[in-house]
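Colleague:
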Amino acid sequence: MTTTMIMRTSASSLCNRHTGIPGLQFRSRIFFSKNHLGLFHGSSQSSNQNPSKSKSRDPQHPFDVTNLGDASNMFDKMLKQGRRPSVVRFTQLLGQVAKLKHYSVVISWYKQITLLGVVPDAFILNIIVNCFGHLNQMGASSSVLALFFKLGLQPDVTTFNTLIRGLGLDNRVHEAASLVRKMAFFGEGCKPNVITFGTLIDASCKLGQNGRAIQLLRLMEKYDCQPNVVVYSTIIDSLCKDQLVAEAFKLFSEMESKGIPPNIVTYTSLFLGLCKSCPLTEATQFFTEMSSKGISPNVQTFSILVDSLCKNGKLKEANQAIDLMTARGMEPNTLTYNCLMKGYCLQRDMNKAKGIFDLMLKKGSIVDVFSYTILINGYCNKRRMKEAMHLFEEMTRKGMIPDTVTYTTLIGGFCKDRRIDDAQNIFSNMKVGGPLPNISTYSVLLDGQ
DNA sequence: GTAGGGTTAG
Numbered sequence: 065m066t067t068t069m070i071m072r073t074s075a076s077s078l079c080n081r082h083t084g085i086p087g088l089q090f091r092s093r094i095f096f097s098k099n100h101l102g103l104f105h106g107s108s109q110s111s112n113q114n115p116s117k118s119k120s121r122d123p124q125h126p127f128d129v130t131n132l133g134d135a136s137n138m139f140d141k142m143l144k145q146g147r148r149p150s151v152v153r154f155t156q157l158l159g160q161v162a163k164l165k166h167y168s169v170v171i172s173w174y175k176q177i178t179l180l181g182v183v184p185d186a187f188i189l190n191i192i193v194n195c196f197g198h199l200n201q202m203g204a205s206s207s208v209l210a211l212f213f214k215l216g217l218q219p220d221v222t223t224f225n226t227l228i229r230g231l232g233l234d235n236r237v238h239e240a241a242s243l244v245r246k247m248a249f250f251g252e253g254c255k256p257n258v259i260t261f262g263t264l265i266d267a268s269c270k271l272g273q274n275g276r277a278i279q280l281l282r283l284m285e286k287y288d289c290q291p292n293v294v295v296y297s298t299i300i301d302s303l304c305k306d307q308l309v310a311e312a313f314k315l316f317s318e319m320e321s322k323g324i325p326p327n328i329v330t331y332t333s334l335f336l337g338l339c340k341s342c343p344l345t346e347a348t349q350f351f352t353e354m355s356s357k358g359i360s361p362n363v364q365t366f367s368i369l370v371d372s373l374c375k376n377g378k379l380k381e382a383n384q385a386i387d388l389m390t391a392r393g394m395e396p397n398t399l400t401y402n403c404l405m406k407g408y409c410l411q412r413d414m415n416k417a418k419g420i421f422d423l424m425l426k427k428g429s430i431v432d433v434f435s436y437t438i439l440i441n442g443y444c445n446k447r448r449m450k451e452a453m454h455l456f457e458e459m460t461r462k463g464m465i466p467d468t469v470t471y472t473t474l475i476g477g478f479c480k481d482r483r484i485d486d487a488q489n490i491f492s493n494m495k496v497g498g499p500l501p502n503i504s505t506y507s508v509l510l511d512g513q
C-alpha cells in the first residue's frame, strides 16, 4: 500500500481495509527480522554517521553556565567589578539563565542592572519580553514594547513573535491574531513571517481550534508567506491527536504536492495518528513505508511503535523494536522503557516489569514519576501492596513528588485488597499538602466502600 | 562576537 493510497482513503475505510482479511495479521517476525533491515532504507548507515543531534554549545561562549548557582556567582562577580560590564555581557548571561528557564530570575537581575544604570538594548529587551511571556505576565510583556519606543529602539519581527507566543501561552489567541494584523505598521522589519503564523497556528491547535488553524494556513498566502514543513506538521499533529487522521493525510498530500517535503516529525505525528485510530497493521505498514522513503524513524517514532505493540500485547515484537533501534545507534530513553514496562504490567508479568525498571536504573536512564507510577500500578493490580508501598516510599525518599495518579493508584490498590483503612490513610496523606484529588480519586474511593 | 520565534512519544 502506498502513502498516496492512504491519502485518498477516508478515515473509516483507512481503518477497515485490513480487517477480516486472512493472512494479514501483524507480520512482526518478518518485519523485524535482520534480513529486512534493508527495509529501513539506508538508515542504518546514515544514522550511524549522524548520531543523535546534540545541540553543540559554542565552546567560545563566555557564559557556559549549566545551573543557576554558577550563573548567580557570575552575576555577583560582574556587579562587583570596578568597571561595570557592558549590556552585551549581561545579555549573554541573562540569555543563558533564560535558557535554563529561570525566567523570574532573569527579570529580577534585569531590574537590578537597569537600576545600576545599565542602559538596555533591543537584544536584552527581547529576552525580557520572552521571560514575561513564559511567566504569563502579558501586561508586563507588552509594556516592554512601549519601552522599546521610549528608548528609541526598534522592535523586530522576533519581538512580535515572542509577544504572540506569550499571548498564545495565555490562551489569548484573538489578541495574538489582532497583533499579527497590526505588527507590520511598526516597520519594514516587523512584517509577519512564517514563524509568526506558525506560532499563531500552534496556539490555535493547542486550543483545539483545528479549523481556525487551517484558515490561518490559507491566510498566509495572502500575506505572501509560504507555509513550510513546520506549519504543516503543527496542524497535522493536532488533527492526528484529535483522531482526524484522514484530514491529516489530506494536508500531508497537499504539502507534498506543493513541493514541501515532510520530515520525520511529520511522519511521527501521522504514525501516532494511525496508532491511535487504526489497527496496528495499518500503522506498522506506514512505519515500513516511511523507512523505504528514506525517512529514518527516530527515538520518538520507535517509542510510539513500542507503545503500540505493547498495548496490543506484542511484547516480543516490542523488544525486537528496541533491539532494532539500539542496533541503529539509538538509545531507548525513559519514555521508551516506560512503555515497555507498562506493557509487561498489562501482561501482569511483574518480574519482567521490575526487570525493566532495574535496567533503567542500571543504565542511568532517568526514572521518573511515571516510571514509579506504572510499576506501582502493576503491583496494585496483583494486590502486592507491600511492593507498591515500598516503591512509593522509595520515590518519596528520592525527592520525587508522587502525583494524583500515583495516589489514586495506591488508593485503588488498597480498596481492591479490601484494606479500606489503608486506602483512607493514603487519601488523608494526600490531603495534607499532597496533590489535589480528582474525579477518579473519589470514584475509586467510593467503589471501594 | 550578545538575543528572541513555530513541529514529534506517557
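Numbering of the first sequence is given in this note's numbering, commencing with residue 65 and proceeding in unit increments.
The beta carbon of each residue, even a glycine, is placed where N, CA and C say it ideally should be.
How many Å lie between T398 and N362 at the Cα?
Modeller: For this step, residue 398 is matched to residue 334 along the first sequence. For this step, residue 362 is matched to residue 298 along the first sequence. The straight-line gap from Cα to Cα measures roughly 14 Å.
Colleague: When the Cα of L410 is compared with those of T390, N441 and I420, which residue comes out closest?
Modeller: As a working note, residue 410 is residue 346 in the first sequence. Closest by alpha carbon: N441.
Colleague: For P396, which residues of its own chain have a beta-carbon under 6 Å away from its beta-carbon, when the five flanking residues on both sides are left out?
Modeller: On the first sequence, residue 396 is found 332 positions in, with the first residue counted as 1. Only I386 meet the Cβ criterion.
Colleague: Taking DSSP as the reference, what is the three-state secondary structure of G393?
Modeller: Here residue 393 is taken as the residue at index 329 of the first sequence, counted from 1. If DSSP states are grouped into helix, strand and coil, G393 belongs with coil.
Colleague: Check the C-beta distance from S302 over to A277 and give it rounded, since I have them as a contact under 8 Å.
Modeller: Position 238 of the first sequence, counting from 1, holds the residue named residue 302. Position 213 of the first sequence, counting from 1, holds the residue named residue 277. Contact holds; Cβ gap of about 7 Å.
Colleague: Compare the C-alpha of C195 against each of H166, V183 and S504 and name the closest.
Modeller: Position 131 of the first sequence, counting from 1, holds the residue named residue 195. Cα-wise, what sits closest to C195 is H166.
Colleague: Please classify T263: does DSSP put it in a helix, a strand, or coil?
Modeller: For the purposes of this step, residue 263 is taken as the residue at position 199 of the first sequence. Residue state, collapsed to three classes: helix.
Colleague: Along the chain, where does the alpha helix (DSSP H) containing A162 start, and where does it finish?
Modeller: Residue numbering aside, residue 162 sits at position 98 when the first sequence is read from its first letter. That run of the alpha helix (DSSP H) goes V151 to K163.
Colleague: For T505 and S341, what's the separation of their Cα atoms in angstroms?
Modeller: Position 441 of the first sequence, counting from 1, holds the residue named residue 505. Position 277 of the first sequence, counting from 1, holds the residue named residue 341. Their Cα atoms are separated by approximately 28 Å.
Colleague: Give a yes or no on whether the C-beta atoms belonging to L132 and V183 are separated by under 9 Å.
Modeller: On the first sequence, residue 132 is found 68 positions in, with the first residue counted as 1. On the first sequence, residue 183 is found 119 positions in, with the first residue counted as 1. No, Cβ-Cβ distance for L132 and V183 is not below 9 Å.
Colleague: Going straight from the alpha carbon of T222 to that of G393, what length do you get?
Modeller: Translated into the one-based positions of the first sequence, residue 222 becomes position 158. Translated into the one-based positions of the first sequence, residue 393 becomes position 329. Between T222 and G393, the C-alpha separation is close to 37 Å.
Colleague: Would you kindly work out how many angstroms separate the C-alpha atoms of S111 and T400, rounded to a whole number?
Modeller: Walking along the first sequence from the start, residue 111 turns up at place 47. Walking along the first sequence from the start, residue 400 turns up at place 336. The pLDDT assigned to S111 is 34, lower than 50, so where the model puts this residue is not dependable; a value taken from the coordinates is nonetheless given after this. Cα-Cα distance, rounded: 18 Å.
Colleague: Rounded to a whole number of angstroms, what is the C-alpha to C-alpha distance between V496 and Q218?
Modeller: Here residue 496 refers to the residue found at position 432 when the first sequence is read from its first residue. Here residue 218 refers to the residue found at position 154 when the first sequence is read from its first residue. If I take the Cα positions, the gap works out to 51 Å.
Colleague: Report the three-state DSSP secondary structure of M424 (helix, strand or coil).
Modeller: Along the first sequence, read from residue 1 onward, the residue named residue 424 stands at position 360. Of the three classes helix, strand and coil, the one that applies to M424 here is helix, per DSSP.
Colleague: In angstroms with no decimal places, state the Cα-to-Cα distance between V237 and T263.
Modeller: Indexing the first sequence from 1 puts residue 237 at position 173. Indexing the first sequence from 1 puts residue 263 at position 199. Going by the C-alpha atoms only, they are around 10 Å apart.
Colleague: Please state the DSSP three-state secondary structure of M71.
Modeller: Numbered from its first residue, the first sequence carries residue 71 at position 7. In this prediction, M71 has a pLDDT of 38, which is less than 50 and means its spatial position is unreliable; nothing more can be read from the coordinates.
Colleague: Mind reading off the beta-carbon distance from I265 to L280? Whole number of angstroms is fine, and I expect it under 8 Å.
Modeller: Locating residue 265 in the first sequence gives position 201, where the first residue counts as 1. Locating residue 280 in the first sequence gives position 216, where the first residue counts as 1. That pair is a contact at about 5 Å.
Colleague: Compare the beta carbon distance of S205 and G197 with 9 Å and say whether it is the shorter of the two.
Modeller: Position 141 of the first sequence holds residue 205. Position 133 of the first sequence holds residue 197. Closer than 9 Å, so yes.
Colleague: Measure from the alpha carbon of L209 to the alpha carbon of each residue in N200, T226 and L199, then state which is nearest.
Modeller: Your numbering for residue 209 matches position 145 in the first sequence. Checked all of N200, T226 and L199; the closest Cα to L209 is T226.
Colleague: Quick one: using the 10 Å Cβ neighbour count with 16 as the cut-off for buried, is V193 buried or exposed?
Modeller: Sequence index remark: in the first sequence, residue 193 carries index 129 (1-based). Buried, because 16 or more other Cβ atoms sit within 10 Å of the Cβ of V193.
Colleague: Would you list, in sequence order, the uninterrupted alpha helix (DSSP H) runs of no fewer than 4 residues that lie entirely inside the stretch 202-258?
Modeller: Fully enclosed alpha helix (DSSP H) runs of 4 or longer: 202-214, 221-233 and 237-247.
Colleague: When you compare only the Cα positions, how much space is there between V152 and F187?
Modeller: Here residue 152 refers to the residue found at position 88 of the first sequence. Here residue 187 refers to the residue found at position 123 of the first sequence. Cα-Cα distance, rounded: 8 Å.
Colleague: When the Cβ atoms of the stretch 281-289 are set against those of the stretch 321-329, are three or more pairs found closer than 8 Å?
Modeller: Result no; under three Cβ-Cβ pairs closer than 8 Å.
Colleague: Assign K426 to one of two classes, buried (16 or more other C-beta atoms within 10 Å of its C-beta) or exposed (fewer than that).
Modeller: Here residue 426 is taken as the residue at index 362 of the first sequence, counted from 1. Classification of K426: exposed, given that the 10 Å Cβ count is below 16.
Colleague: Leaving aside the five residues before and after P466 along the sequence, list all residues of the same chain whose C-beta is less than 8 Å from its C-beta, in chain order.
Modeller: The residue labelled residue 466 in the question sits at position 402 within the first sequence. V433, Y436, T437, F456, M459, T460, G498 and P499.
Colleague: Tell me whether the beta-carbon of T315 lies closer than 9 Å to the beta-carbon of I328.
Modeller: Reading the first sequence from its first residue, position 251 is the one you call residue 315. Reading the first sequence from its first residue, position 264 is the one you call residue 328. The sequence shown places Leu at residue 315, rather than the Thr named in the question. No, they are not a contact pair.
Colleague: Which residues mark the beginning and the end of the alpha helix (DSSP H) in which V293 is found?
Modeller: Taking the first residue of the first sequence as position 1, residue 293 is located at position 229. Element bounds for V293: V293 to K305.
Colleague: Based on Cα-Cα distance, which residue from I359, E353 and T348 lies nearest to V370?
Modeller: Residue numbering aside, residue 370 sits at position 306 when the first sequence is read from its first letter. The residue with the shortest Cα to Cα distance from V370 is T348.
Colleague: Taking the alpha-carbon positions, what's the L474 to N502 distance?
Modeller: In the first sequence, the residue the question calls residue 474 occupies position 410. In the first sequence, the residue the question calls residue 502 occupies position 438. Those two C-alpha atoms are separated by around 14 Å.
Colleague: Are the beta-carbon atoms belonging to M414 and R448 less than 9 Å from one another?
Modeller: Along the first sequence, read from residue 1 onward, the residue named residue 414 stands at position 350. Along the first sequence, read from residue 1 onward, the residue named residue 448 stands at position 384. A contact, by the Cβ cut-off of 9 Å.
Colleague: Between the Cα of K163 and the Cα atoms of D185, A135 and D140, which residue gives the shortest distance?
Modeller: Residue mapping note: residue 163 aligns to position 99 of the first sequence, counting from 1. When only C-alpha atoms are compared, the closest one is A135.
Colleague: Can you tell which of F139, F351 and K246 has its C-alpha closest to the C-alpha of S333?
Modeller: The count along the first sequence starts at 1 and reaches residue 333 at position 269. Taking only the C-alpha atoms, the option nearest S333 is F351.
Colleague: Which class does Y401 belong to by DSSP, given the choice of helix, strand or coil?
Modeller: Working through the first sequence from its first residue, we reach residue 401 at position 337. Helix, per DSSP.
Colleague: Going by C-alpha to C-alpha distance, which of G232, N235 and V431 sits closest to G463?
Modeller: In the first sequence, residue 463 corresponds to position 399, counting from 1. Out of G232, N235 and V431, V431 has the C-alpha closest to the C-alpha of G463.
Colleague: W173: which of A248, T155 and D220 sits nearest, CA to CA?
Modeller: Translated into positions along the first sequence, residue 173 becomes position 109. Cα-wise, what sits closest to W173 is T155.
Colleague: Is the beta carbon of F224 less than 9 Å from the beta carbon of P256?
Modeller: By 1-based counting over the first sequence, the position of residue 224 is 160. By 1-based counting over the first sequence, the position of residue 256 is 192. Going by C-beta atoms, F224 is nearer than 9 Å to P256.
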